[in-house]
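Engineer: Sharing a structure below in structure tokens format, with a few things to ask.
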Amino acid sequence: MAGSPRKQASGNDQERERNSAALAEIAAFLEKQGWQYCLIGGLAASYWGQPRSTKDVDLVLLTGIGDEERFIKPLTAAFHVRVAGADKFAMVSRVILLQTKAGVGIDVSLGALPFEEEMLRRAKIKEVLPGVRVRTATAEDIVVMKAIADVDDIERIIATQGRKLDAEYIRRWLTDFSEALSETDLVGFFESTVKSVDDRMKKAPRGKLPRGG
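See below:
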């Protein structure tokens, strides 16, 4: 049986508070270092789309290739790590798995791709959570990142942002990723998702996106 609305609301409030504290902590550290970063993942998708539960904080940190240790060592020294040999793991996987004292996971991806460089240039400071303003990837960049992994987040962003999205920018990067990763037609996937959302929004109450059937 599902929990009561009051308990669910309380749980959501606690999650929001934990995420807010974790995001403020990691952002303050990165800002103090003067490093280029931006928020991605579930928190960014919720900001541009519709709120959803998320248990961790995801960011991209621009490190380039060959200088990663300069970024990894200060982070693993300042925060708890979630895996043994976190520094070596980060060098291989290009993600630093951190954790706050409160137990919130922080995933810091080491950025070096042209797409990541452009995403960081385009990022804007947004109040993603109450009282927490951080550099956040644009809606378009979140759509591109989610195109392979998370249809639900893409649909919520399309439904919320609508014609404000720069579709040509999205198509450009999806074309590049389709070719580089030998993926199926990501542009076609994006176009069909837009059409699906448009069709469902026409039948739904204003601002509500019904689940696909």
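Take the sequence shown: its letter number 67 is residue 299 in our numbering, and every next letter is one higher. Cβ coordinates follow ideal geometry from the N, Cα and C atoms, glycine included. Note that this is a predicted model, so its numbers are computed, not measured.
1. For M433, which three-state DSSP category applies?
2. Considering only heavy atoms of the ligand HEM, does any lie closer than 7 Å to the CB of M351?
3. Determine the DSSP secondary structure at L361, reduced to helix, strand or coil.
4. With a cut-off of 8 Å, do at least 3 Cβ pairs link the region 283 to 293 to the region 339 to 354?
5. Can you find at least 3 beta carbon pairs, one from the region 389 to 400 and one from the region 359 to 369, that sit closer than 8 Å?
6. Can you say whether S424 is buried or exposed, counting buried as having 16 or more other CB atoms within 10 angstroms of its CB?
7. At 3 residues or longer, and completely inside the region 245 to 293: list those beta strand (DSSP E) runs for me, N to C.
8. When burial is assigned at 16 or more other CB atoms within 10 Å of the CB, is S325 buried or exposed?
9. Within its chain, find whatever has a CB closer than 8 Å to the CB of L255; leave out the 5 residues flanking it on each side and keep chain order.
10. Bridge partners of I328, per DSSP?
11. Whose C-alpha, out of N251, S341, W405, is nearest the C-alpha of M323?
12. Work out the CA separation of E257 and R250 for me, nearest whole Å.
13. Closest to V429 by CA distance: which of E387, D299, A334, G281 is it?
Structural biologist: Well, looking at it:
1. Residue numbering aside, residue 433 sits at position 201 when the sequence shown is read from its first letter. The DSSP-derived three-state label of M433 is helix.
2. As far as ligands go, the structure on display features none, and thus does not contain the ligand HEM.
3. Here residue 361 is taken as the residue at index 129 of the sequence shown, counted from 1. L361: strand per DSSP, three-state reduction.
4. Taking a cut-off of 8 Å for Cβ pairs, the region 283 to 293 and the region 339 to 354 touch, as three or more such pairs fall below it.
5. Below 8 Å, too few C-beta pairs join the region 389 to 400 and the region 359 to 369 to call them touching: fewer than three.
6. Along the sequence shown, one-based indexing puts residue 424 at 192. When all chains shown are included, S424 counts as exposed.
7. Along the length of the region 245 to 293, whole beta strand (DSSP E) runs at least 3 residues long occupy 269 to 272, reported in chain order.
8. Position 93 of the sequence shown, counted from the first residue, corresponds to residue 325. Looking at its Cβ environment, which holds fewer than 16 other Cβ atoms inside 10 Å, S325 is exposed.
9. Sequence index remark: in the sequence shown, residue 255 carries index 23 (1-based). Cβ neighbours of L255 beyond the five flanking positions: L271, L275, V289, V360, L361, V364, V366.
10. Residue mapping note: residue 328 aligns to position 96 of the sequence shown, counting from 1. DSSP, once it has assigned bridges, lists V340 as partnering I328.
11. By one-based count along the sequence shown, residue 323 stands at place 91. Residue S341 is the option with its Cα nearest to M323.
12. Numbered from 1 along the sequence shown, position 18 holds the residue referred to as residue 250. Numbered from 1 along the sequence shown, position 25 holds the residue referred to as residue 257. Within the model, the alpha-carbon separation for R250 versus E257 is close to 11 Å.
13. The sequence position of residue 429 within the sequence shown is 197, counting from 1. It is E387.
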